[in-house]
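Residue numbers (the numbering used here): 3 to 506.
Structure first, then comments.
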RNA sequence: GAAUCGCUAGCUCAGUCGGUAGAGCACCGGACUUUUAAUCCGGGUGUCGGGGGUUCAAGUCCCCCGCGAUUCACCA
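This is how it looks when you write it as structure tokens:
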């Protein structure tokens with residue numbers, strides 16, 4: 003089969019056809035294959051060049067500096083016997099100046115004939131600054147490293163179509179340096195989390211993604227199947243139960259930063275797979291976790307150089323200490339209902355009906371469930387400044403220790419920012435008898451049709467029976483933290499390849 | 001799950017009352033040794049998301065479907 007036949011595809015648009023044809027001619031006419039190159043001795047990045055030669059004056063050049071660099075040709079402006087191009091790498095973008103006299107006629111012809119926007123090119127040159135003040139690499143040698151046969155998105159408007167941006171993220175990343183910046187910041191934030199946890203002598207561990215019981219959170223799991231074992235398995239919905247087993251196993255302070263999978267709807271705050279950091283400290287409680295949460299988030303913000311963060315037209319000053327409010331206080335403050343005075347379930351439901359929550363009631367809710375309903379409906383969105391919400395009822399907290407002074411409530415907090423939850427933490431329930439009872443309560447809910455109630459994990463109970471020390475634990479939604487610190491409005495803007503429905 | 005908006009050239013978009021599919025950039029050919037959204041001359045490259053219907057005639061009107069965005073609902 004000839005190469006022409008291999009090259010042609012009926013779906014190709016005009017530009018791709020031309021580029022494929024050009025590639026073939028480059029191979030036959032010049033005996034040059036742009037896909038055989040393996041290395042290029044890049045000695046300096048474009049950002050480093052910008053830094054080092056910032057003081058160069060217009061029309062000045064530094065012939066002694068030898069710059070070996072590389073990147074992708076973003077635009078090219080040919081003008082007869084000279085040409086300007088914009089070269090971009092992962093750090094920056096800089097102008098190239100090619101002169102026939104400097105590179106020689108043969109090489110200059112090669113440039114004119116064979117080099118296109120999108121191509122990767124290796125450069126040897128020296129810095130100069132044009133009369134208009136643009137820092138430029140005066141090219142002495144170059145090598146075409148790889149050809150692009152597909153055209154880049156438009157240079158001025160870039161790529162804005164959200165669907166293409168998410169489906170073909172590589173094009174988004176090429177066309178929109180801001181997007182690259184968000185993902186660099188995501189990486190810095192995650193590094194910051196790891197650094198902060200390392201400073202607290204917390205060991206990073208890895209636990210199974212695949213398991214036969216998905217528990218530790220209220221969510222529907224993804225099912226999958228293991229062929230050799232001939233069993234149905236689930237993708238994890240939380241890290242919690244395995245990490246607590248490790249504390250039982252005397253691993254000390256542990257954390258995992260990993261992917262969770264929840265089989266739920268997709269919107270601007272939820273992606274089916276998302277990244278969670280969970281940490282467990284023996285001999286600590288939920289108050290210690292509050293201190294840690296605040297430190298983690300403030301350090302993360304600092305790692306990307308931010309003290310004040312903005313999200314959806316709201317602003318938070320991270321120089322301020324985080325606030326604290328109990329669920330009872332919040333509901334009293336924002337909904338005007340004092341649930342400390344409500345001791346009867348039917349009374350609670352009546353109050354809910356008075357507040358137009360009747361449609362949400364099934365009729366069997368406890369006063370604790372109603373309290374939570376009030377919080378979600380009237381308070382959650384008001385918690386703009388970072389605020390620790392405490393005092394969750396036991397009923398909605400199957401893994402938290404009870405408040406000894408108030409056994410219907412727990413030693414738990416959720417951290418809210420911009421009206422959204424970013425962290426969930428508690429003094430871990432370590433009473434195996436109570437834990438079994440809580441799971442059984444969840445099982446009853448599940449049997450009653452609550453698909454998100456937690457499953458009873460016998461081995462986990464077994465672990466607790468072996469003795470879980472007093473432990474403080476916390477989960478932080480990394481994607482949300484990244485959204486809030488970078489200002490990204492949608493979770494899809496902080497996940498490189500968000501879950502998408504196949505197009506056909 | 002519902003509502004709204006969107007889907008036209010590689011990209012960003014226009015397309016009137018239903019009457020021969022357009023622009024800018026990109027791309028192709030030519031000129032040009034300091035341009036930078038280079039400029040100048042010439043060239044339009046298309047399954048108008050898919051299917052059906054109405055009509056002499058559909059990018060445009062109607063119906064169904066797909067994908068996406070946003071809001072709401074659901075959900076942590």
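C-beta: ideal position from N, C-alpha, C; glycine also.
Alpha-carbon spacing of residue 313 relative to residue 164, whole angstroms: 19 Å
Nearest residue (CA-CA) to residue 79, options 119, 66, 103, 92: 119
Any non-hydrogen atom of the ligand ADP closer than 7 Å to residue 455 Cβ: Inclusion of the ligand ADP in the displayed structure is not the case, the ligand content being empty and no account of it being possible.
Cβ neighbours of residue 7 in the same chain (closer than 6 Å, five flanking residues each side left out): Note that residue 7 scores a pLDDT of 45, beneath 50, so its modelled location is shaky; the value from the coordinates is reported in the next line. Counting only Cβ-Cβ distances below 6 Å, and skipping sequence neighbours, we find nothing.
Burial state of residue 510 (16 or more Cβ within 10 Å): Because the chain is modelled from 3 through 506, residue 510 falls outside the range shown and cannot be assessed.
Alpha carbon of residue 18 to alpha carbon of residue 24, nearest angstrom: 10 Å
Where residue 497 falls: helix, strand or coil (DSSP): coil
Length at least 4, wholly inside the region 373-399: the alpha helix (DSSP H) runs in chain order: none
Cβ-based burial, residue 486 [other Cβ within 10 Å; buried from 16]: buried
Cβ separation of residue 351 and residue 400, assumed to be a contact under 8 Å, to the nearest whole Å: Incorrect: roughly 22 Å between the Cβ atoms, too far for contact.
Given 8 Å, three or more beta-carbon pairs between the region 361-376 and the region 295-304: no
Three-state class that DSSP yields for residue 145 in the structure shown: strand
Limits of the unbroken beta strand (DSSP E) element including residue 422: 422-429
Residue 413 in three-state terms, based on DSSP: coil
Sufficient close CB pairs (3 or more, under 8 Å) joining the region 114-132 to the region 69-77: yes
Segment contact, 8 Å Cβ cut-off, at least three pairs: the region 409-427 with the region 279-291: yes
Cβ-based neighbour list, residue 526, same chain, cut-off 8 Å, excluding 5 preceding and 5 following: Missing from the structure shown is residue 526; the chain here goes from 3 to 506 and no further.
Residue interval of the alpha helix (DSSP H) (run including residue 334): 329-337
Beta-carbon proximity list for residue 3, same chain, < 7 Å, skipping 5 on both sides: Because residue 3 sits at a pLDDT of 33, beneath the cut-off of 50, its placement in the model cannot be relied upon, and the following sentence gives the value as read from the coordinates. No residues qualify anywhere along the chain.
Candidates 150, 40, 149, 172: closest to residue 160 by CA position: 172
Given residue 501 as reference, the closest of 454, 379, 264 once Cα atoms are compared: 264
N- and C-terminal bounds of the alpha helix (DSSP H) containing residue 173: 171-177
Per-residue burial, residue 129 [other beta carbons within 10 Å of its own, 16 or more giving buried]: buried
Straight-line gap, residue 383 to residue 116 (C-alpha atoms, nearest Å): 57 Å
Which listed residue (224, 267, 484) has its alpha carbon closest to that of residue 190: 484
Contact under 8 Å by Cβ, residue 275 with residue 198: no
Contact between the region 203-213 and the region 254-268 (3+ Cβ pairs under 8 Å): yes
Pair within 8 Å by beta-carbon distance, residue 380 and residue 333: yes
Where the alpha helix (DSSP H) through residue 202 begins and ends: Element bounds for residue 202: n/a, residue is neither H nor E.
Residue 419, DSSP secondary structure in three states: strand
Residues that DSSP places opposite residue 272 in a beta bridge: 269
Residue 213, DSSP secondary structure in three states: strand
Residue 220 beta carbon less than 8 Å from that of residue 456: yes
CA-to-CA distance, residue 503 to residue 2, given in whole angstroms: Shown here, the chain extends from 3 to 506; a query on residue 2 therefore has no answer.
Residue 250 beta carbon less than 8 Å from that of residue 90: no
Beta-carbon separation (whole angstroms), residue 52 vs residue 94, contact threshold 8 Å: 6 Å
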